[in-house]
Amino acid sequence: MATVADGFRYAERVVSGDIVAGELVRLACQRFFHDLEHGPARGVYFDEGRAQHVLDFYNFVSPT
Numbered sequence: 049m050a051t052v053a054d055g056f057r058y059a060e061r062v063v064s065g066d067i068v069a070g071e072l073v074r075l076a077c078q079r080f081f082h083d084l085e086h087g088p089a090r091g092v093y094f095d096e097g098r099a100q101h102v103l104d105f106y107n108f109v110s111p112t
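According to my numbering, the sequence shown is numbered sequentially starting from 49.
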């Protein structure tokens, strides 16, 4: 089952170059970390509990 921590690890590994990814994916991962740091000043926030709820729901309805 996917977790929010899995997503963070993936993004960290893409940004560090441990996972080879296309430019747009790399930029999206960089933007994710930038938004975590600077988002609250713009009214953007990340709710880990809500994110996990979405992942749990996806795992529930996923046919595999």
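Don't be surprised by glycine CBs; every beta carbon is placed ideally from N, CA and C.
Every value quoted in this text rests on a predicted model; they were computed, and no experiment measured them.
So for residue i, helix, strand or coil by DSSP?
i	result
aspartate 83	helix
glycine 91	coil
valine 102	helix
alanine 69	coil
So residue i and residue j are in contact, right, with Cβ under 8 Å, and what is the actual spacing, rounded?
i	j	result
valine 52	glutamate 96	5 Å
phenylalanine 80	alanine 59	5 Å
In the DSSP assignment, find the unbroken alpha helix (DSSP H) run with residue i in it and report its ends.
i	result
aspartate 54	52-64
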